[in-house]
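A.B. asks:
Protein chains: 2
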Amino acid sequence: MLRRSFGLGVVAVGMASATHVAFGQNDPLPSWNDGTAKTTILDFVSRTTSAGSRDFVPVPERIATFDNDGTLWCEMPIYVQFAFAIDRVKAEAAQHPEWKDKPPFSYVLAGDMAGVAAMGEKGMVEIVAATHSGMTVADFERAVLDWLATTRHPRFKRPYTELVYQPMLELMALLRAKEFKTFIVSGGGIDFMRPWTEKIYGIPPEQVVGSSGVVTYDFNNAKPLLLKEPKVDFVDDGPGKPIGIYRFIGRRPVFAFGNSDGDQQMLEYTAGGDGARFMGLVHHTDAVREYAYDRNSSVGRLDKAWDEAVKRGWIVVDMKNDWKVIFPFEMK
Amino acid sequence: MLRRSFGLGVVAVGMASATHVAFGQNDPLPSWNDGTAKTTILDFVSRTTSAGSRDFVPVPERIATFDNDGTLWCEMPIYVQFAFAIDRVKAEAAQHPEWKDKPPFSYVLAGDMAGVAAMGEKGMVEIVAATHSGMTVADFERAVLDWLATTRHPRFKRPYTELVYQPMLELMALLRAKEFKTFIVSGGGIDFMRPWTEKIYGIPPEQVVGSSGVVTYDFNNAKPLLLKEPKVDFVDDGPGKPIGIYRFIGRRPVFAFGNSDGDQQMLEYTAGGDGARFMGLVHHTDAVREYAYDRNSSVGRLDKAWDEAVKRGWIVVDMKNDWKVIFPFEMK
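Residue numbers (the numbering used here), protein chains in the order written: chain A, 1 to 332; chain B, 1001 to 1332.
In structure tokens, the structure reads:
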């Protein structure tokens, strides 16, 4: 009994010591407060990358996957990509007179976001399909970059690309320094993310897994074009995440981070492999510095995945208490 | 006139000299005979990776894509993956008594490969779908590795993984040494290639783009499984290659190598970008050491892409004359 109840304490001391040896005096996660989340991450990285460790993971298998919306950047009050789609509806309304009387477009143009929301996923898919097609992939990329450069978040009055989480930037940098390959595995669209993920996160386009629409090829007199069609090709969400990981990466991650029920299957799949594993969820608990939401949120709902995390011992990051800094601009 | 007719000669001398400076006394392509193909490759690599060169390509954009069948390994007398599928039909016949009377399976079981061939692509797709589904992705991987370990090529009496092209191994190693990322972009199945491409080619699973079947996710009581369904998801061939490159890599290659009409669009797409570009085709001209085939072949047909290559100045490798060695075992 005595041995059993003190068991955890002994392990914790052992972990702290290993962490100390591996990282010396430099804290690789300065924006993380001390606590279970930080200790578990540092311990995992140390155990899996130290030669001779029984949990050592060979470099090629060091695959780390991150959800994007709500895990790497702010997803409130609406998904950034959906804000982009809504702005495109407004910008293109003149070329689409039929939208004036056709929901969900008519709701968007009348500023009736409750009407859009009432249509549920169907309305959202229609808006995204209409605004993400009928152009080349190059033109779409330009539209994304132009919009991100000129649009501000309604509450923070900053470009969306400044609303990324500093602790996660540090975590990804630590993983890469230890020869993990970091991937995004997002329900968002690959071509909405790829134009900027390399600059903002250090994740190149070929390491971005996400949802996609059908694309067609046109030879175009030796100036080949890829054209975006208004048809969904793949939805990288929920069970789509392990499927997307298999299809695009072809290896099971050893480390995965999400924040919502859409990430549950990615974490389950990561947990299901042999050897050392890390599964983490960001819990949005800080209404002052960011937002507080979970079980009943329309965006980033964390309900079943939270129950799973508790049941299976996954790490739940409490943003308010675990993160010293949330956004990079707080450090300036 | 004089200046014009000697222009090419001067360029060639300039190129040889730049190549000499960049690679010193060590020939990075020892299995390539001197000639246009080798010179053009070395010149391209030198120009795109030397600091200050006007053709310099930043490291993240150094994307090189290679077809697999007929470009990196032998595809004759039939695609290796199809040989695998046929062996699986035979091995599984006892569990499928209905196959005895059902083409194309009945033809396979009767050894009537002409009958199979007469059914064209339809028969091939049916055989692949039936033999590549109804199991987990892990079981399929094991089946591929077992088969490759125990099966010999009918003519060379060696494992298929020994029938890879030594000059292409050297080329990929050179590109990687110069910080290119090498990808396979194949009409073959991703899960037939990924189990062995890292060991044989140095290309990790996440850099293998190919055709794929539908995969479904099963939670399986916290031991998650991915299951292969008998349904085609994506065909990475012809116009599918630039589409696959866009979807999986998200960047246009600057260097691409193929060997058949199925690679034409990948080379066009590569050629269509700005700046320095390399497009190459392997032409199978060596019936003694390998095989000789092109315009009328049922496998690896090189017809339209050849005309395009001539028209647009792509490099056509003449295996017989350009390659000193074809297979690694010739060097032992």
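We put the beta carbon where it would ideally sit given N, CA and C, even for glycine.
1) Does the beta carbon of Thr385 of chain A sit closer than 9 angstroms to a beta carbon anywhere in chain B?
2) His1283 of chain B bridges to which residues according to DSSP?
3) With DSSP as the reference, identify every bridge partner of Leu225 of chain A, one or two as the case may be.
4) Please report the distance separating the alpha-carbon of Gln264 of chain A from that of Pro1103 of chain B.
5) Using a C-beta cutoff of 9 angstroms, does Trp1323 of chain B count as contacting chain A?
6) Would you say Pro1224 of chain B touches the ligand SAH, meaning its beta carbon is less than 8 angstroms from a heavy atom?
7) Going by the CB atoms, is the gap between Phe1234 of chain B and Ile1203 of chain B shorter than 9 angstroms?
8) If you count every other CB in all the chains shown that lies within 10 Å of the CB of Asp27 of chain A, and 16 or more means buried, which is it?
9) Does the distance from the CB of Pro1253 of chain B to the CB of Ile1243 of chain B come in under 9 angstroms?
10) DSSP puts Ser211 of chain A in a beta bridge; with which residues?
11) For Val1282 of chain B, does the count of other Cβ atoms within 10 angstroms reach 16, so buried, or fall short, so exposed?
12) Count Cβ pairs between the segment 1036-1045 of chain B and the segment 1185-1192 of chain B that sit closer than 8 angstroms; are there 3 or more?
13) Measure the C-alpha to C-alpha separation of Val125 of chain A and Trp99 of chain A and round it to an integer number of angstroms.
14) Against chain A, does Val1021 of chain B count as a neighbour if the rule is that its beta carbon must be under 9 angstroms from one of theirs?
15) Helix, strand or coil for Lys326 of chain A per DSSP?
16) Figure out for me which residue from A:Pro30, A:Asp69 and A:Ile63 has the closest Cα to the Cα of Asp236 of chain A.
17) Just curious, the beta strand (DSSP E) that Ile63 of chain A is in, first and last residue?
18) With 8 angstroms as the limit, tell me which residues of the segment 1243-1258 of chain B have their beta carbon closer than that to any beta carbon of chain A; keep them in chain order.
19) Going by beta-carbon coordinates alone, are Leu1029 of chain B and Leu1171 of chain B separated by less than 9 angstroms?
20) Going by beta carbon distance, what residues of the same chain come within less than 8 angstroms of Leu163 of chain A, once the five residues before and after it are set aside?
21) Kindly provide the ranges of any alpha helix (DSSP H) runs that are 4 or more residues long and lie completely inside the segment 136-200 of chain A, ordered along the chain.
22) Is it true that the segment 76-90 of chain A meets the segment 279-299 of chain A, where meeting means three or more beta-carbon pairs spaced less than 8 angstroms apart?
23) Would you kindly work out how many angstroms separate the C-alpha atoms of Tyr165 of chain A and Thr65 of chain A, rounded to a whole number?
24) Between A:Ile315, A:Lys324 and A:Glu330, which lies nearest to Thr36 of chain A when the distance is taken from Cα to Cα?
25) Would you decide whether Thr1197 of chain B is buried or exposed? Buried here means 16 or more other CB atoms lie within 10 Å of its CB.
26) One question on the structure: do Gly130 of chain A and Phe105 of chain A come within less than 9 angstroms of each other, judged by their Cβ atoms?
27) Exposed or buried, which one is Pro58 of chain A when buried takes at least 16 other CB atoms within 10 Å?
28) How many Å lie between Ser1297 of chain B and Ala1143 of chain B at the Cα?
C.D. replies: Looking at the coordinates:
1) The structure shown does not extend to residue 385 of chain A, since chain A is modelled only from 1 through 332, so no value can be given for it.
2) Locating residue 1283 of chain B in the second sequence gives position 283, counting from the first residue. According to DSSP, which records beta bridges pairwise, His1283 of chain B is partnered with B:Asp1318.
3) As a position in the first sequence, residue 225 of chain A is number 225, starting the count at 1. Leu225 of chain A pairs with A:Asp218.
4) Counting from one through the first sequence, the residue named residue 264 of chain A turns up at place 264. Counting from one through the second sequence, the residue named residue 1103 of chain B turns up at place 103. C-alpha separation (whole angstroms): 43 angstroms.
5) One-based indexing of the second sequence puts residue 1323 of chain B at position 323. By this cut-off, Trp1323 of chain B is not an interface position.
6) What this structure holds is no ligand at all, so the ligand SAH is not there to describe.
7) Position 203 of the second sequence, counted from the start, is the residue given in the question as residue 1203 of chain B. Position 234 of the second sequence, counted from the start, is the residue given in the question as residue 1234 of chain B. No; because the gap between Cβ atoms is not below 9 angstroms, this pair is not in contact.
8) What you label residue 27 of chain A is simply residue 27 of the first sequence in a count that begins at 1. Exposed is the call here.
9) In the second sequence, residue 1253 of chain B corresponds to position 253, counting from 1. In the second sequence, residue 1243 of chain B corresponds to position 243, counting from 1. No, the Cβ-Cβ distance between Pro1253 of chain B and Ile1243 of chain B is not below 9 angstroms.
10) In the first sequence, counting from the first residue as 1, residue 211 of chain A sits at position 211. A:Gly189.
11) On the second sequence, position 282 is the one that residue 1282 of chain B refers to. Counting Cβ neighbours within 10 Å, Val1282 of chain B comes out buried, since at least 16 surround it.
12) no
13) Position 125 of the first sequence, counted from the first residue, corresponds to residue 125 of chain A. Position 99 of the first sequence, counted from the first residue, corresponds to residue 99 of chain A. Rounded to the nearest angstrom, the two C-alpha atoms are 15 angstroms apart.
14) Here residue 1021 of chain B refers to the residue found at position 21 when the second sequence is read from its first residue. Its pLDDT being 47, under 50, Val1021 of chain B is placed unreliably in this model, and the value from its coordinates should be taken loosely. Cβ-Cβ to chain A under 9 angstroms: no for Val1021 of chain B.
15) As a working note, residue 326 of chain A is residue 326 in the first sequence. A small correction: the amino acid at residue 326 of chain A is Ile; Lys does not occupy that position in the sequence shown. Of the three classes helix, strand and coil, the one that applies to Ile326 of chain A here is coil, per DSSP.
16) Start at 1 with the first residue of the first sequence, and residue 236 of chain A comes out as number 236. The option with the nearest alpha carbon to Asp236 of chain A is A:Asp69.
17) Translated into positions along the first sequence, residue 63 of chain A becomes position 63. Secondary structure note for Ile63 of chain A: its beta strand (DSSP E) is the uninterrupted segment Ile63 to Phe66.
18) Ile1243, Tyr1246, Arg1247, Phe1248, Ile1249, Gly1250 and Arg1251
19) Here the question's residue 1029 of chain B lines up with position 29 in the second sequence. Here the question's residue 1171 of chain B lines up with position 171 in the second sequence. Yes, they are a contact pair.
20) Mapped onto the first sequence, residue 163 of chain A falls at position 163. Only Trp73, Cys74, His153, Phe156 and Phe327 meet the Cβ criterion.
21) 137-150 and 166-177
22) Here the segment 76-90 of chain A makes contact with the segment 279-299 of chain A; the two share three or more CB pairs at distances below 8 angstroms.
23) As a working note, residue 165 of chain A is residue 165 in the first sequence. As a working note, residue 65 of chain A is residue 65 in the first sequence. Cα to Cα, the separation comes out at about 16 angstroms.
24) In the first sequence, counting from the first residue as 1, residue 36 of chain A sits at position 36. When each option's Cα is compared against that of Thr36 of chain A, the closest is A:Ile315.
25) Here the question's residue 1197 of chain B lines up with position 197 in the second sequence. Looking at its Cβ environment, which holds 16 or more other Cβ atoms inside 10 Å, Thr1197 of chain B is buried.
26) In the first sequence, the residue the question calls residue 130 of chain A occupies position 130. In the first sequence, the residue the question calls residue 105 of chain A occupies position 105. Note that residue 130 of chain A corresponds to Ala in the displayed sequence, not to Gly. Yes. Within cutoff.
27) For the purposes of this step, residue 58 of chain A is taken as the residue at position 58 of the first sequence. So Pro58 of chain A counts as exposed.
28) Here residue 1297 of chain B refers to the residue found at position 297 of the second sequence. Here residue 1143 of chain B refers to the residue found at position 143 of the second sequence. Cα to Cα, Ser1297 of chain B sits roughly 29 angstroms from Ala1143 of chain B.
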